[in-house]
Amino acid sequence: MKVYFHIFKGTMVVIRLTRGGSHKRPFYHIVATESRFKRDGRFIERLGFYNPIESASGIDLRVISDRIEYWVSKGAKVSNAVSRLVKMNAKNNANKPKHSGWRAKINTVEKREIVKTYFPSEDC
């Protein structure tokens with residue numbers, strides 16, 4: 005989290021996209037900024053990124069949702085594009101298991117052992 009300057013009282017904070025990348029290869033950062041600043045100008049904090057080109061590989065969106073919630077609690081407005089991306093990120097993360105790989109296997113083995121100790125007649 006990088007905070008680049010002091011926020012003045014009475015200014016409107018907006019969470020929006022800033023465009024990066026090159027010609028015909030867009031890359032967007034999700035930032036918290038003041039509404040009076042330019043689209044690609046100064047910002048308060050970088051909250052994530054969105055890469056529409058790499059959407060086929062699956063690593064196209066990363067959002068720091070707790071910081072977005074923090075800024076919204078402080079009165080920041082979220083742009084339509086960012087709100088759509090945050091909803092898409094929440095929907096994609098809801099389908100994923102909390103643990104993957106060896107942790108998930110260990111947890112299922114531990115659960116089976118607990119069931120066997122307390123309920124010996126049950127089959128797992």
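Residue numbers (the numbering used here): 5 to 128. The C-beta atom is built at its ideal place from N, Cα and C for all residues, glycine as well.
Burial state of E49 (16 or more Cβ within 10 Å): Walking along the sequence shown from the start, residue 49 turns up at place 45. Buried, by the Cβ-count rule.
Cβ neighbours of V67 in the same chain (closer than 8 Å, five flanking residues each side left out): Position 63 of the sequence shown, counted from the start, is the residue given in the question as residue 67. Excluding its 5 nearest sequence neighbours in each direction, V67 has C-beta neighbours in its own chain below 8 Å: I34, L51, G52, L89, V90 and N93, listed in chain order.
Neighbour-count burial assignment, V150, 16 or more Cβ in a 10 Å radius: Outside the modelled stretch of the chain, which goes from 5 to 128, sits residue 150, for which no answer is possible.
V86 classed as buried or exposed, judged by whether at least 16 other C-beta atoms fall within 10 angstroms: Here residue 86 is taken as the residue at index 82 of the sequence shown, counted from 1. It is buried - the Cβ of V86 has at least 16 other Cβ atoms within 10 Å.
Alpha-carbon to alpha-carbon, L65 and P56: Position 52 of the sequence shown, counted from the first residue, corresponds to residue 56. Position 61 of the sequence shown, counted from the first residue, corresponds to residue 65. Rounded to the nearest angstrom, the two C-alpha atoms are 8 Å apart.
Where R46 sits in the DSSP three-state scheme: Locating residue 46 in the sequence shown gives position 42, counting from the first residue. Coil, per DSSP.
I72 classed as buried or exposed, judged by whether at least 16 other C-beta atoms fall within 10 angstroms: Numbered from its first residue, the sequence shown carries residue 72 at position 68. Classification for I72: buried.
Residue from T121, G45 and Y122 whose Cα sits closest to the Cα of G24: Taking the first residue of the sequence shown as position 1, residue 24 is located at position 20. Ranking the options by Cα distance to G24, first place goes to G45.
I20 versus W75: straight-line alpha-carbon distance, rounded: Taking the sequence shown and counting its residues from 1, the one referred to as residue 20 is at position 16. Taking the sequence shown and counting its residues from 1, the one referred to as residue 75 is at position 71. A quick correction: the sequence has Arg, not Ile, at residue 20. One C-alpha to the other measures close to 12 Å.
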